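> I'd like to ask you about the structure that follows.
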Amino acid sequence: MVADDEAPKVPLPDVDMALVQRLKDCYETFMEAEPRILRRKTNRQLSYQACQDVAHEAYLKVARKVLNGELGSGSQLPAYLRTASRNLAVDVVKAQARLRPLGDLGLDVAVPRQRRPADDFDPLEDLVVPTIDAMPLSRPRKVVQLQSQGLNDKQISKVLGIDADRIHRDRYMAVTELRGRLESYIRDAHRKKKTRRVEKEG
-3 MVADDEAPKV PLPDVDMALV QRLKDCYETF MEAEPRILRR KTNRQLSYQA CQDVAHEAYL
57 KVARKVLNGE LGSGSQLPAY LRTASRNLAV DVVKAQARLR PLGDLGLDVA VPRQRRPADD
117 FDPLEDLVVP TIDAMPLSRP RKVVQLQSQG LNDKQISKVL GIDADRIHRD RYMAVTELRG
177 RLESYIRDAH RKKKTRRVEK EG
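Residue 160 in the numbering used here sits at position 164 of the sequence shown; the count goes up by one each step and never skips.
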């Protein structure tokens, strides 16, 4: 038997404490908003409690990656958290589908399910949120990040510890920057819409 002081030393990974702090800062916001988003994303196939469990498991999964040194200091933690939770939610929905009761003939009971068309585009999830994540780290970015996750001004004020006037100012600055970053897309989308209208009239 090996004595405690003779136990082999396992090297610990270099932990980026700034990244750990950023992850801690994400927790309240993520757990407040993500279950509701998951409910919508899964077409309410998962209960709110199940969505909370999925979000919590996703947070722990990303936390393990951070503590194991698998994510670098430039990692976009909100994006990692969202991806992890959406993937886990898909797995849970698939598992539930496999466990559905069988009919008399041993066939799955048909459950009508809403499908998202292949060409369906969610501007918030597919365009605005990634653009927010790409903005430089700042308080204005945090304000619009929290707002995009469904938090109201009172909740944002509580999370960031700032008063309402500052939230309005920071949001204005962030929206101005977002508009600049999304300008080319907005122009293209407007042009396409205008072209379609002309084709219809013609």
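Backbone N, C-alpha and C fix where the C-beta goes; we use that ideal spot for every residue, glycine too.
These numbers come from a predicted model, not from an experiment.
Please look up how many angstroms separate the CB atoms of E28 and Q151, rounded, as I've assumed it's under 8 Å.
By 1-based counting over the sequence shown, the position of residue 28 is 32. By 1-based counting over the sequence shown, the position of residue 151 is 155. By a beta-carbon distance limit of 8 Å, E28 contacts Q151. Their separation comes to about 7 Å.
> Taking buried to mean at least 16 other C-beta atoms within 10 Å of its own C-beta, is S180 buried or exposed?
By one-based count along the sequence shown, residue 180 stands at place 184. S180 counts as exposed, since fewer than 16 other beta carbons sit within 10 angstroms of its beta carbon.
> Answer with buried or exposed for D159, where buried requires no fewer than 16 other C-beta atoms within 10 angstroms of its C-beta.
The residue labelled residue 159 in the question sits at position 163 within the sequence shown. By the 10 Å Cβ count, D159 comes out exposed.
> Compute the Euclidean distance between the alpha carbons of M131 and Q92, then round it to the nearest angstrom.
Here residue 131 corresponds to residue number 135 of the sequence shown, with the count starting at 1. Here residue 92 corresponds to residue number 96 of the sequence shown, with the count starting at 1. Answer to the nearest angstrom: the Cα atoms are 38 Å apart.
> Helix, strand or coil: how does DSSP classify L123 here?
In the sequence shown, the residue the question calls residue 123 occupies position 127. Three-state result, L123: helix.
> Beta-carbon within less than 7 Å of K226's beta-carbon, same chain only, minus the 5 sequence neighbours each way: which residues are those?
Residue coverage of the chain in this structure runs from -3 to 198, which leaves residue 226 outside it and unanswerable.
> Between V88 and A46, which are expected to be in contact by the criterion C-beta below 8 Å, what is the C-beta distance as a whole number of angstroms?
Reading the sequence shown from its first residue, position 92 is the one you call residue 88. Reading the sequence shown from its first residue, position 50 is the one you call residue 46. At roughly 7 Å, the Cβ-Cβ gap stays under 8 Å, so V88 and A46 are in contact.
> Where do the N-terminal and C-terminal ends of the alpha helix (DSSP H) with D87 fall, by residue?
Residue mapping note: residue 87 aligns to position 91 of the sequence shown, counting from 1. It spans 73 to 94 - the alpha helix (DSSP H) in which D87 sits, taken as one unbroken run.
> Whole-angstrom Cβ separation of C22 and L73, contact assumed at under 8 Å?
To locate residue 22, count along the sequence shown from 1; it is residue 26. To locate residue 73, count along the sequence shown from 1; it is residue 77. Contact holds; Cβ gap of about 5 Å.
> Near V58, what residues of its chain come up, given a Cβ to Cβ distance below 6 Å and the 5 sequence neighbours on each side ignored?
In the sequence shown, residue 58 corresponds to position 62, counting from 1. Cβ within range, chain order: Y76, L77, A80.
> Along the chain, where does the alpha helix (DSSP H) that runs through D149 open and close?
Residue 149 sits at position 153 when you count from the first residue of the sequence shown. 149 to 156 is the extent of the alpha helix (DSSP H) around D149.
> Where do the ends of the alpha helix (DSSP H) carrying Q45 lie?
Position 49 of the sequence shown, counted from the first residue, corresponds to residue 45. For Q45, the enclosing alpha helix (DSSP H) starts and ends at 44 to 63.
> Using a Cβ-Cβ cut-off of 8 Å (strictly less than) and excluding sequence neighbours within five positions of V171, which residues of its own chain qualify?
Position 175 of the sequence shown, counting from 1, holds the residue named residue 171. Within the same chain, V171 has close Cβ partners V140.
> Ordered along the chain, which non-local residues of its own chain (more than five positions away) have a Cβ less than 8 Å from that of L178?
Position 182 of the sequence shown, counted from the first residue, corresponds to residue 178. The answer, listed in chain order, is L123, V124, T127.
> Whole angstroms are fine: how far does the CA of Y44 sit from the CA of L34?
Stepping through the sequence shown from its first residue, residue 34 is reached at position 38. Stepping through the sequence shown from its first residue, residue 44 is reached at position 48. Cα to Cα, the separation comes out at about 8 Å.
> Expressed to the nearest angstrom, what Euclidean distance is found between the alpha-carbon atoms of L174 and E121?
Position 178 of the sequence shown, counted from the start, is the residue given in the question as residue 174. Position 125 of the sequence shown, counted from the start, is the residue given in the question as residue 121. If I take the Cα positions, the gap works out to 14 Å.
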